[in-house]
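Q: Residue numbers (our numbering): 608 to 931.
Even glycine gets a Cβ: it sits at the ideal position worked out from N, Cα and C.
Every value quoted in this text rests on a predicted model; they were computed, and no experiment measured them.
One structure follows; several queries about it will come next.
Here it is as structure tokens:
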């Protein structure tokens with residue numbers, strides 16, 4: 608029997624990506640499905656719950672990356688919620704993500720890859736032309752939605768547009784008040800990046816010098832890394848003010864409150880974009896055309912294979928901070 612989308616009835620189980628930056632770049636898909644009155648269940652890593660507090664969802668299912676047990680968790684949830692009219696949208700292109708939804712009994716759409724076609728009801732061929740990651744994932748969602756009879760806008764929104772709660776804003780503002788930042792010009796830096804890219808360090812090498820130069824101009828420099836990156840951040844930039852850890856949604860609010868965010872091409876770049884914060888992303892080992900921040904408020908310096916110099920970054924910051 609053919610599947611067709613029915614507003615306010617059809618439940619779409621969306622398997623979101625495993626990395627924070629990738630998750631943020633898929634927010635236009637979540638927003639447009641909700642705008643078309645889909646009942647959305649997000650399936651993703653446990654940390655994603657922080658970023659979803661502002662959304663009216665039909666559910667959130669935290670998974671651990673183990674196909675059989677995750678499939679059983681999804682199947683139980685669907686049975687408990689009596690979601691009879693349900694379909695899956697699988698954004699990661701891993702074999703395990705497709706297998707999980709297949710074992711859970713969800714007819715699903717996703718990109719053809721790694722022999723996944725037999726696991727997908729609606730396999731979609733990857734686009735041959737280069738695309739930004741936001742466009743790449745949105746193209747998939749658009750093609751699968753057409754299989755359901757649902758017509759989405761042909762292009763993704765120009766903003767990631769994360770919905771934030773009053774609780775997130777309150778937690779952010781409490782930290783700003785506690786550290787007396789409300790009456791200052793301050794820059795939020797993120798001098799860490801998880802993992803490597805093709806064996807290369809993803810951290811711009813001049814964050815310590817940048818911090819000293821900004822502080823000499825009377826500009827406060829703060830950082831707010833997660834617990835597991837705090838020691839690395841302190842070693843990299845000991846002169847910056849270390850703020851207490853925040854939930855991911857409160858951290859997005861903090862980015863929005865800052866005069867400017869300066870970061871590597873990492874999850875922070877996309878969290879800042881999710882809040883439409885003024886931000887500068889520094890590239891040196893990754894490709895800006897694919898993973899630059901999806902926001903009109905964001906700029907980037909550097910290219911794949913060449914970090915920007917300290918003076919270039921200082922000149923850009925002088926221009927940006929002059930207008931704040």
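In the DSSP assignment, find the beta strand (DSSP E) that holds residue 743 and state where it starts and stops.
A: Residue 743 sits at position 136 when you count from the first residue of the chain shown. Unbroken run through residue 743 is the alpha helix (DSSP H), 740 to 754; no beta strand (DSSP E).
Q: Considering only DSSP beta bridges, list what residue 620 is partnered with.
A: Locating residue 620 in the chain shown gives position 13, where the first residue counts as 1. Beta-bridge pairing links residue 620 to 648, 695.
Q: Which same chain residues, not among the five before or five after residue 814, have their C-beta less than 7 Å away from its C-beta?
A: If you number the chain shown from 1, residue 814 lands on position 207. Here the set comprises 796, 798, 843, 844.
Q: For residue 841, which residues from the same chain have a beta carbon less than 8 Å from its beta carbon, with the 5 sequence-adjacent residues on both sides left out?
A: The residue given as residue 841 occupies position 234 in the chain shown. Once the five neighbours on either side are set aside, the close Cβ partners of residue 841 are 849.
Q: Compare the C-alpha of residue 691 against each of 887, 620, 832, 773 and name the closest.
A: Within the chain shown, residue 691 is the residue found at index 84, counting from 1. Minimum Cα distance to residue 691 is reached at 620.
Q: Starting from residue 783, follow the alpha helix (DSSP H) in both directions and report where the run begins and ends.
A: Working through the chain shown from its first residue, we reach residue 783 at position 176. Looking at the DSSP string, the run of the alpha helix (DSSP H) that includes residue 783 is 773 to 785.
Q: Spatial neighbours of residue 695 within its chain, please: C-beta separation below 6 Å, excluding the five flanking residues on both sides.
A: Within the chain shown, the letter at position 88 stands for residue 695. Excluding positions up to five away in sequence, the list reads 620, 708, 713, 715.
Q: Output the boundary residues of the alpha helix (DSSP H) element that contains residue 627.
A: Along the chain shown, read from residue 1 onward, the residue named residue 627 stands at position 20. Where residue 627 is concerned, the enclosing alpha helix (DSSP H) stretches over 627 to 632.
Q: Is the stretch 760 to 768 in contact with the stretch 898 to 906, if contact means three or more CB pairs nearer than 8 Å?
A: yes
Q: Let me know if residue 763 comes out buried or exposed under the rule of 16 or more other beta-carbons within 10 Å of its beta-carbon.
A: Mapped onto the chain shown, residue 763 falls at position 156. Answer is buried; the Cβ neighbour count reaches 16.
Q: Can you tell me whether residue 799 is helix, strand or coil according to DSSP?
A: For this step, residue 799 is matched to residue 192 along the chain shown. Looking at residue 799 - three-state DSSP - the assignment turns out to be coil, as it is neither helix nor strand.
Q: In the structure shown, what three-state DSSP assignment does residue 926 receive?
A: The count along the chain shown starts at 1 and reaches residue 926 at position 319. Correct three-state label for residue 926: helix.
Q: For residue 725, does the three-state DSSP call read helix, strand or coil?
A: Reading the chain shown from its first residue, position 118 is the one you call residue 725. Note: residue 725 maps to helix in three-state DSSP.
Q: Run through DSSP, which three-state label would residue 892 get?
A: Here residue 892 refers to the residue found at position 285 when the chain shown is read from its first residue. Of the three classes helix, strand and coil, the one that applies to residue 892 here is coil, per DSSP.
Q: For residue 672, tell me which candidate among 881, 888, 680 has the shortest Cα-Cα distance.
A: For the purposes of this step, residue 672 is taken as the residue at position 65 of the chain shown. For residue 672, the closest alpha carbon among the candidates 881, 888, 680 is that of 680.
Q: Exposed or buried, residue 817, counting other C-beta atoms within 10 Å across all chains shown (16 or more means buried)?
A: Sequence index remark: in the chain shown, residue 817 carries index 210 (1-based). Burial call: buried.
Q: Among the residues of its own chain, which have a CB less than 7 Å from the CB of residue 909, if the five just before and after it don't count?
A: Here residue 909 refers to the residue found at position 302 of the chain shown. Same-chain partners within the cutoff: 889, 890, 891, 915.
Q: Determine, for residue 725, whether the minimum Cβ-Cβ distance to residues of chain D falls below 7 Å.
A: Looking at the structure shown, chain D is missing, and only one protein chain is on hand.
Q: List the whole-angstrom C-beta distance separating residue 622 from residue 704, where the pair is believed to meet the contact cut-off of C-beta under 8 Å.
A: If you number the chain shown from 1, residue 622 lands on position 15. If you number the chain shown from 1, residue 704 lands on position 97. Right, the Cβ-Cβ distance comes to about 5 Å (below 8 Å), so this counts as a contact.
Q: On a CA-only basis, which of 867, 800, 631, 854 is nearest residue 836? Give me that one, please.
A: Along the chain shown, read from residue 1 onward, the residue named residue 836 stands at position 229. Per the Cα distances, 800.
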